[in-house]
Each structure stands twice: as structure tokens, then as C-alpha cells.
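Remarks on the structure that follows.
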Amino acid sequence: MPEKYDVGVVGAGILGLAHAYALAKRGLRVIVFERHDRASGASVRNFGMIWPIGQPLGPLHTLAIRSRELWLDVLQASGLWHAPHGSLHVAYREDEAQVLREFMAESPPQTRPCEMLTPAQVTSRYPAIRAESLQAGLWSPTEVGVDPRQVIAELPQWLSRQFGVTFQFGTTVTGFETPCVRTTNGEWRVPRLVVCTGVDFRELAPAAFAECGLVPCKLQMMRSEAYGGKLRLGTLLAGGLTLRHYRSFANCPTLPSLAARLDAEFAEHHRFGIHVMAAQNAVGEIIIGDSHEYGDAIEPFDKPRIDELILEYLQTFVNLPELTITARWHGIYAKHPTDAFVKAEPVPGMLAVTGVGGAGMTLSFGLAEQMISQWLKE
Numbered sequence: 079m080p081e082k083y084d085v086g087v088v089g090a091g092i093l094g095l096a097h098a099y100a101l102a103k104r105g106l107r108v109i110v111f112e113r114h115d116r117a118s119g120a121s122v123r124n125f126g127m128i129w130p131i132g133q134p135l136g137p138l139h140t141l142a143i144r145s146r147e148l149w150l151d152v153l154q155a156s157g158l159w160h161a162p163h164g165s166l167h168v169a170y171r172e173d174e175a176q177v178l179r180e181f182m183a184e185s186p187p188q189t190r191p192c193e194m195l196t197p198a199q200v201t202s203r204y205p206a207i208r209a210e211s212l213q214a215g216l217w218s219p220t221e222v223g224v225d226p227r228q229v230i231a232e233l234p235q236w237l238s239r240q241f242g243v244t245f246q247f248g249t250t251v252t253g254f255e256t257p258c259v260r261t262t263n264g265e266w267r268v269p270r271l272v273v274c275t276g277v278d279f280r281e282l283a284p285a286a287f288a289e290c291g292l293v294p295c296k297l298q299m300m301r302s303e304a305y306g307g308k309l310r311l312g313t314l315l316a317g318g319l320t321l322r323h324y325r326s327f328a329n330c331p332t333l334p335s336l337a338a339r340l341d342a343e344f345a346e347h348h349r350f351g352i353h354v355m356a357a358q359n360a361v362g363e364i365i366i367g368d369s370h371e372y373g374d375a376i377e378p379f380d381k382p383r384i385d386e387l388i389l390e391y392l393q394t395f396v397n398l399p400e401l402t403i404t405a406r407w408h409g410i411y412a413k414h415p416t417d418a419f420v421k422a423e424p425v426p427g428m429l430a431v432t433g434v435g436g437a438g439m440t441l442s443f444g445l446a447e448q449m450i451s452q453w454l455k456e
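Numbering (my numbering), first residue to last: 79 to 456.
Below you can see the structure in the form of C-alpha cells.
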């Protein structure tokens, strides 16, 4: 007779780990199935930015802030490295500075605290920022940096120690009919199953996947050599191109004119969906990106030109002496054209949560708490 668990989770990426945490906190006996020896998808191929400032005011921003609270609980309890140093958007043209001012004006201090900085204030706080032509900066205290490789590698161990969560790595789930989960490593008695495998949930529920409307998105990113203590960014950084990327800026009145100017001046960046951000980890490596190619435009081959465009734009707002790139990669995540995430219950006892797009690190813990509460009808 196979060992019995209350709930199974498919996928040990950040969304799966967050759901395992939400379930285990409720005293449930949880088992996580991961097809690889360690999760190696989108969860380890990102900046490691917990980024509430990118979510529009309302339910999604509230969810992001709640997720940040849960993240900090987990990070502090587990001892995983994190940097709650906030974020900085820098503006080098007047139209970019105007959008930042408009964003600031619509940001209630109690829910989205921000601070407009003069050029002198920016460079005083963050010496790595280029001073030439700098117009303004917008600083937010709510963003947190983590190392996604460390989180994905070490969080399972903490969940096992703290909550008794069982992990079955190198185990592919091939079918589910409550209360039986069939895997490449035998059968397990699990009456409920949460699927957090990105686009791969089509293998367990092809009809539900076909109906959900997900689109794959490919991004290219890079990592620098470690600067150690020689250079610290001191915050998570974003340039002017980012202002047209996140929905949180959509209500700024002058954004359309800024977008038109950016499209004209940076046509190649627009073609590849490039906006440029930078995050630094504990050892001083700088994570740099990224691009966005969707659906049929995705190829298995990375484009060196995309990396060139990203690095060229990065150098317009950050001074990075002797920048040496030590790693380049691409990731693919699932994104819905209009919705922030996708939830499906394709068969009795199964919940699929996916389609968080580029906001997986930001929304994961808050979304898991919300989904599990609804699913268990608490």
C-alpha cells in the first residue's frame, strides 16, 4: 500500500514551493513531485526581484504586497540571503521624468510609498548611477532582491525540516485520478493535487490547457563576474524602457507620448521586447536583462544582437567598469494575454495554477495563499 499524503504538488519551482508552504502551514501532509533533480525552469532564470512596484494599484498590488510579507517571513526564518533595498527607476529625458512624477502623484503613500529624487540625491545614494544627463529618480522601498538559484536549491530543504514536506525529485507525474497519483517512481495515495508546472500542465490536463489561452514568452538574460565589495548597486535598478513594460505605469497621462518616442528611437529594442534592469546578488554578480519574444517568434537559438542591445542600454544609466559577462541564458515562461495568472480545476481534486508570466517571484507566495484558501474553502 503506497504511503498516503493529504495533498501533492507538481513542480518545485517557486510557485510550487509557495503552494507547498501554504498547504504545510495548515498542518497538511504534503509531497512535492519534481521531474528534474532540481527545478531548472523559469524560477532560476530570472532577476530574483520581488517587484510590487510593477503591479497596478488594486487587487494585484495588494496581492504583491501580501506576497512580499510572506516572502520576508520565509526568508528570515530560513536564513536565505535577501536584500530589502527597494528599487530605483532612473530618467534621462524629461518625458521619462514626467512619467515618474505622474506615477508618484497617483501613488497613495500608505499603499505605494515612493520618493522622487533629484540627480544629486540619486548619485549620492547610488554612486554607480551615471550622472551625465540624469533628470530624476523614483525610489520605492518595497522591492526585495533574492538569489533565485539559492532559493530554488535550498528552500526545499527548509520546508522539509520545518514542516515535514516530502520531496520526490527525478519523478514525473504521468496521471492523476483521486486518490491516486501515478508517477515514473510508482503510485502515491494523494486525494488532492496542485499542479504548478507552467506550460507543462497540458500533459496532465490537455483539454484544460487548450482552453486557458496561455502564450509562451522567451527572455534572454546575462550575469556578470562577481564584483565582490568593489562595486555595489545598492538597490534594484530600472531604466526608461521599463516605464512602458509594467502595467503599473499604464495610467500615467504622458506615457503614450513617451512610448511613441521610445519606439522611434529604440526600434530594435521594441522589436525584441527589451527593457533593461539590473540586480546584484550576495557575491556581487549582476543579473542583467531582458527581452520578450512571444509565441511563433520564439526560436531555440539565442540572438547575440539582443544581448548587445541590452548591454548598450544598460551602459547609458549604470557605470560598470570592466564589465565581463560570465553566463548567458534564456528562459521561457507561460503568460496569459490579459490575465495576471491562470487557475483551472480540470478534474476532481486537481488545481492547476500557472500563467504568472514575469511576475512569478513577485506574486508566488501571496497567490498560493489565496488559491489554497479558496480551494480548501476556508
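No residue lacks a Cβ here, since even glycine has one placed at the ideal position from N, Cα and C.
None of the values given here were measured: they were computed from a predicted structure.
Of the candidates V425, E193, A288, K421, the residue whose Cα lies closest to the Cα of A446 is K421. The closest CA to that of T432, considering only L292, K455, V122, is found on L292. The beta carbon of G306 lies closer than 8 Å to those of V361, G362 in the same chain, with the five residues before and after it left out. Per the coordinates, the alpha-carbon of S121 lies some 6 Å from the alpha-carbon of I92. In the displayed model, R179 falls within a helix according to three-state DSSP. In the three-state reduction of the DSSP assignment, A418 falls in the coil class, being assigned neither a helical nor a strand state.
By the Cβ-count criterion, D225 is buried, with 16 or more other Cβ atoms from all chains shown falling within 10 Å of its own Cβ.
A distance below 6 Å between beta-carbons, with the five flanking residues on each side excluded, links G248 to the following residues of its chain, in chain order: D115. Residue range 226-241 is occupied by the alpha helix (DSSP H) that includes Q240. About 5 Å separates the beta carbon of V88 from that of T275, a gap short enough to meet the 8 Å contact definition. Our two residues, G157 and A288, have alpha carbons roughly 40 Å apart in a direct line. If you draw a 10 Å sphere on the C-beta of R239, you find fewer than 16 other C-beta atoms in it, and that means exposed. Between Q298 and D385, the CB-CB gap stays under 8 Å.
R301 sits close to A405, with the two beta carbons spaced by under 8 Å. Between F395 and I109, the CB-CB gap reaches or exceeds 8 Å.
Sequence-distant Cβ neighbours of G253 in its own chain, meaning closer than 8 Å and more than five residues away, are V259, R260, L282. An exposed status is given to G242, since fewer than 16 other beta-carbon atoms sit within 10 Å of its beta-carbon. At the C-beta level, I365 and F125 come within 8 Å of one another. Excluding its 5 nearest sequence neighbours in each direction, W407 has C-beta neighbours in its own chain below 7 Å: R123, M299, listed in chain order. A straight-line Cα-Cα distance of about 11 Å links L336 and A328. For C290, the enclosing alpha helix (DSSP H) stretches over residues 284-290.
Contact between E221 and G164 holds: CB atoms are separated by about 5 Å, below the 8 Å threshold.
Under the criterion of beta carbons closer than 8 Å, V354 and G317 qualify as touching, at roughly 5 Å. Between L315 and L166, the C-beta spacing is below 8 Å. Looking from the CA of G119, the closest CA among F344, W159, A357, G94 belongs to G94.
Look at E447 here: in three-state DSSP terms it is helix. Straight-line spacing of the CA atoms in P269 and A430 works out to 15 Å.
Considering only G223, Q199, G427, G136, the residue with the shortest C-alpha distance to G215 is Q199. Residue burial annotation: K455 is exposed, with fewer than 16 other C-beta atoms found within 10 angstroms of its C-beta.
Judged by DSSP secondary structure, P294 falls within the beta strand (DSSP E) whose first and last residues are 293-302.
In this structure, the beta-carbon distance from R325 to Q358 does not fall below 8 Å.
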